[in-house]
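Using the numbering used here, read the sequence shown as starting at 11 and increasing by one per residue. Glycine is no exception: its CB is placed at the ideal position from the N, C-alpha and C atoms. Keep in mind that this is a model prediction, so the values were computed, not measured. Single-structure report; data block below.
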Amino acid sequence: MPVSFRILKQKGLVYVRYEGVARLEETMQAFADYARHPDCAPGQRQFVDLTALEGIEMDFPKLMETQAQKAGTFVNGAAETLIVYLAPTPLSQSLAQTIVRSWEPFPAVVPVVLGEEREALSVLGLRENSIEKLLAAA
């Protein structure tokens, strides 16, 4: 599947990686798997890595429906959810900005789009200076 996730429970972080073509159906399936995971918890920071994105199949009305479903999981409690999108290319920036706009109705979700890996890790409050080191330490 071109979208995968890994919960780094000890860091309160979910690392999501897109590879190839982003498809909404696969995103919805991955999110459903995450929401059912025993380590899924409100307030977990989300790190969405779009560096390997090669294309997008997008259905905007369905995206809004998906975001509403996600918001139900993210705002289950009083915690805000920080979502950092690592988007270093014009294609990934375009997708990230579309997703950020779809979060506007949900003030408990705080989306941030960044183009540099170290900056994204820093905004998430992580000490590691690369995704490779982050995943190796987990």
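Problem - Own chain, CB closer than 6 Å to D59, minus 5 neighbours either side, in chain order - result: Along the sequence shown, read from residue 1 onward, the residue named residue 59 stands at position 49. Here the set comprises R27, L96.
Exercise for the section: Apply the 10 Å Cβ neighbour rule to L145 and answer buried if 16 or more other Cβ atoms are within range, or exposed otherwise. Expected result: Start at 1 with the first residue of the sequence shown, and residue 145 comes out as number 135. Exposed, by the Cβ-count rule.
Exercise for the section: Report buried or exposed for P121, applying the criterion of at least 16 other Cβ atoms within 10 angstroms of its Cβ. Expected result: For the purposes of this step, residue 121 is identified with residue 111 of the sequence shown, where counting begins at 1. Label assigned to P121: buried.
Handout entry: Reference Y25; option with closest CA among L34, F41, E35, V31
Key = Counting from 1 along the sequence shown, the entry for residue 25 is found at position 15. Comparing Cα-Cα distances from Y25 to each of L34, F41, E35, V31, the minimum goes to F41.
Problem - CB of K19 within 8 Å of CB of D43, strictly - result: For the purposes of this step, residue 19 is identified with residue 9 of the sequence shown, where counting begins at 1. For the purposes of this step, residue 43 is identified with residue 33 of the sequence shown, where counting begins at 1. No, they are not a contact pair.
Problem - Beta-carbon contacts of V133 that lie in its chain and below 7 Å, excluding the five residues immediately before and after - result: Position 123 of the sequence shown holds residue 133. Within the same chain, V133 has close Cβ partners V94, V122, L124.
Practice task
Would you mind sorting Q39 into buried or exposed? The rule is 16 or more other CB atoms within 10 Å of its CB.
Solution key: One-based indexing of the sequence shown puts residue 39 at position 29. Result: exposed.
Problem - Proximity of E36 and V13 at Cβ, strictly below 8 Å - result: Residue 36 sits at position 26 when you count from the first residue of the sequence shown. Residue 13 sits at position 3 when you count from the first residue of the sequence shown. A contact, by the Cβ cut-off of 8 Å.
Problem - P98 versus E126: straight-line alpha-carbon distance, rounded - result: By one-based count along the sequence shown, residue 98 stands at place 88. By one-based count along the sequence shown, residue 126 stands at place 116. Whole-angstrom Cα-Cα distance: 6 Å.
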